[in-house]
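Using this note's numbering, read the sequence shown as starting at 42 and increasing by one per residue. For each residue, glycine too, the CB sits at the ideal point set by N, CA and C. Note that the structure is a prediction, hence the values are computed from the model and not measured. Structure record follows, encoded as structure tokens.
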Amino acid sequence: GLHVDCCLGGFVVPFMAAAGSPPPHGFDFTVRGVTTISCDPHKYGFAPKGASVLMFRSKELRHHMYTFATEWTGGIYATPTMLGSRPGGVVAATWAAMMRYGEAGYVESTAQIVGATRRIAEAIPTIGGLELVGRADACVVAFGAKQGSGLNCYSVADCLKEIGGWELATLQNPAAVHLAVTLPTAKNATRFVDELRAAVATVRSEPEKYKGGSAGLYGMASSLPTSFIEETAKVYLDTMTACPESHK
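Below is the structure:
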């Protein structure tokens, strides 16, 4: 079977047709062969962090997720997932968010988000030196620097954050950055395009200023072996999770 990762777009793509922008491809259980779909209500469903859903085409398939301990000394134990006890507060808050927005609310938010995403996508090729990466069909728009443009997309992203506080996610292979368009972003789509244009101009006029930061990090990483990067990531995570030793 086929699993569809709809974690990011799970509360956008299903409402696109009703919002006037049908998705270009089928993605759900109406497509033959799709057996499972994952969806995160804590993203465009506006629920609290930690809410996630896994849907199965049939009860029989869902049985493969169940976990049993039938010979445990504490008795027969069965849980629908590998996890045991989970907080119910997030589930209740997710239900409340979905009741608050309802289908009409999600259709409206989808119309705003998809519309803004496509407006931004249409504007990016008009900015000298930039090009779209992938397709901006739903709620994410990615771009990189054109070959031979002399621009570094990571430098542009760093400058954009400095100019307007925009947080873009970095991508690699190929080098690019992306913006996940939210409702606040949708209301400021024109401002984003204007400030992106200004960031490109600034990076061209002050290239040395933006050679460090994300540009320096990903530029160095591209020349290093994967094993070295993995070991460096381990050190970073060890540092982040280390507990200070007590001094007597």
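**Request:** Determine which residues share a DSSP beta bridge with aspartate 46 and list them.
**Result:** In the sequence shown, residue 46 corresponds to position 5, counting from 1. Aspartate 46 pairs with Ser79.
**Item:** With 16 other Cβ atoms within 10 Å as the buried cut-off, status of tryptophan 243
**Value:** By 1-based counting over the sequence shown, the position of residue 243 is 202. Note on identity: in this sequence residue 243 is threonine, with tryptophan being the wrong assignment. The residue in question, threonine 243, is buried, as its Cβ has 16 or more Cβ neighbours within 10 Å.
**Request:** Can you give me the Cβ contacts of leucine 95 inside the same chain, cut-off strictly under 6 Å, excluding the 5 residues immediately before and after it?
**Result:** Locating residue 95 in the sequence shown gives position 54, counting from the first residue. Ser79, listed in sequence order.
**Request:** From the DSSP output, in three-state form, read off histidine 219 for me.
**Result:** Here residue 219 is taken as the residue at index 178 of the sequence shown, counted from 1. Three-state result, histidine 219: strand.
**Request:** Identify whether leucine 192 lies in helix, strand or coil by the three-state DSSP scheme.
**Result:** Translated into positions along the sequence shown, residue 192 becomes position 151. Coil, per DSSP.
**Prompt:** Exposed or buried, what is tryptophan 207 when buried is set at 16 or more other beta-carbons lying within 10 Å of its beta-carbon?
**Reply:** Counted from its first residue, the sequence shown places residue 207 at position 166. By the neighbour-count rule (16 or more Cβ atoms within 10 Å), tryptophan 207 is buried.
**Asked** Three-state secondary structure (DSSP) at glutamate 172?
**Response** By 1-based counting over the sequence shown, the position of residue 172 is 131. Correct three-state label for glutamate 172: strand.
**Prompt:** Which partner residues does phenylalanine 184 have in the DSSP bridge list?
**Reply:** In the sequence shown, counting from the first residue as 1, residue 184 sits at position 143. Under DSSP, phenylalanine 184 shares a beta bridge with Leu173 and Val218.
**Asked** Nearest to methionine 57 by CA position, among Arg160, Pro225 and Gln153, is which residue?
**Response** Position 16 of the sequence shown holds residue 57. Ranking the options by Cα distance to methionine 57, first place goes to Gln153.
**Asked** Of the residues Val54, Gly50 and Glu101, which one's Cα is nearest the Cα of aspartate 81?
**Response** Position 40 of the sequence shown, counted from the first residue, corresponds to residue 81. That would be Gly50, whose Cα lies nearest to the Cα of aspartate 81.
**Request:** Tell me tyrosine 118's beta-bridge partners as DSSP assigns them.
**Result:** If you number the sequence shown from 1, residue 118 lands on position 77. In the DSSP output, where bridge partners are listed per residue, tyrosine 118 has Ala110.
**Asked** According to the neighbour-count rule (16 or more other Cβ atoms, all chains shown, within 10 Å of its Cβ), is alanine 110 buried or exposed?
**Response** Along the sequence shown, read from residue 1 onward, the residue named residue 110 stands at position 69. The residue in question, alanine 110, is exposed, as its Cβ has fewer than 16 Cβ neighbours within 10 Å.
**Request:** Provide the residue span of the alpha helix (DSSP H) that contains leucine 212, from first to last.
**Result:** Taking the sequence shown and counting its residues from 1, one reaches residue 212 at position 171. Segment 210-212 is the beta strand (DSSP E) holding leucine 212; no alpha helix (DSSP H) there.
**Message:** Pairs of beta-carbons, one from the stretch 187-198 and one from the stretch 230-249, closer than 8 Å: are there three or more?
**Reply:** A contact exists between the stretch 187-198 and the stretch 230-249.
**Whole-angstrom C-beta distance between alanine 186 and leucine 171, which should lie under 8 Å** = Counted from its first residue, the sequence shown places residue 171 at position 130. Counted from its first residue, the sequence shown places residue 186 at position 145. A Cβ-Cβ distance of about 6 Å is found for the pair leucine 171 and alanine 186, placing them in contact under the 8 Å criterion.
**Asked** Just the Cα atoms here: how many angstroms apart are arginine 238 and leucine 124?
**Response** Counting from 1 along the sequence shown, the entry for residue 238 is found at position 197. Counting from 1 along the sequence shown, the entry for residue 124 is found at position 83. Arginine 238 and leucine 124: Cα-Cα distance of roughly 47 Å.
**Prompt:** Nearest-angstrom Cα distance between glycine 169 and alanine 217?
**Reply:** Taking the sequence shown and counting its residues from 1, one reaches residue 169 at position 128. Taking the sequence shown and counting its residues from 1, one reaches residue 217 at position 176. Take the alpha-carbon of glycine 169 and the one of alanine 217: they are about 16 Å apart.
**Asked** How about valine 53 and threonine 151: are their beta carbons less than 8 Å apart?
**Response** As a first step, residue 53 must be located in the sequence shown, where it is residue number 12. As a first step, residue 151 must be located in the sequence shown, where it is residue number 110. It is a contact, given that the beta carbons lie within the stated cut-off.
**Boundaries (first-last residue) of the alpha helix (DSSP H) holding leucine 224** = Here residue 224 corresponds to residue number 183 of the sequence shown, with the count starting at 1. Where leucine 224 is concerned, the enclosing alpha helix (DSSP H) stretches over 224-228.
**Message:** Under DSSP, the beta strand (DSSP E) around methionine 96 begins and ends at which residues?
**Reply:** Start at 1 with the first residue of the sequence shown, and residue 96 comes out as number 55. Segment 94-97, the beta strand (DSSP E) holding methionine 96.
**Message:** Only counting the same chain, and skipping five residues up and downstream in sequence, which positions put a Cβ closer than 7 Å to that of methionine 281?
**Reply:** Taking the first residue of the sequence shown as position 1, residue 281 is located at position 240. None.
**Request:** Assign valine 86 to one of two classes, buried (16 or more other C-beta atoms within 10 Å of its C-beta) or exposed (fewer than that).
**Result:** The sequence position of residue 86 within the sequence shown is 45, counting from 1. The sequence given here has glycine at residue 86, not valine. Under this definition glycine 86 is a buried residue.
**Prompt:** Between the C-alpha atoms of leucine 43 and alanine 274, what's the straight-line distance to the nearest angstrom?
**Reply:** As a first step, residue 43 is located in the sequence shown; it is residue number 2 there, counting from the start. As a first step, residue 274 is located in the sequence shown; it is residue number 233 there, counting from the start. In a straight line, the C-alpha of leucine 43 is about 31 Å away from that of alanine 274.
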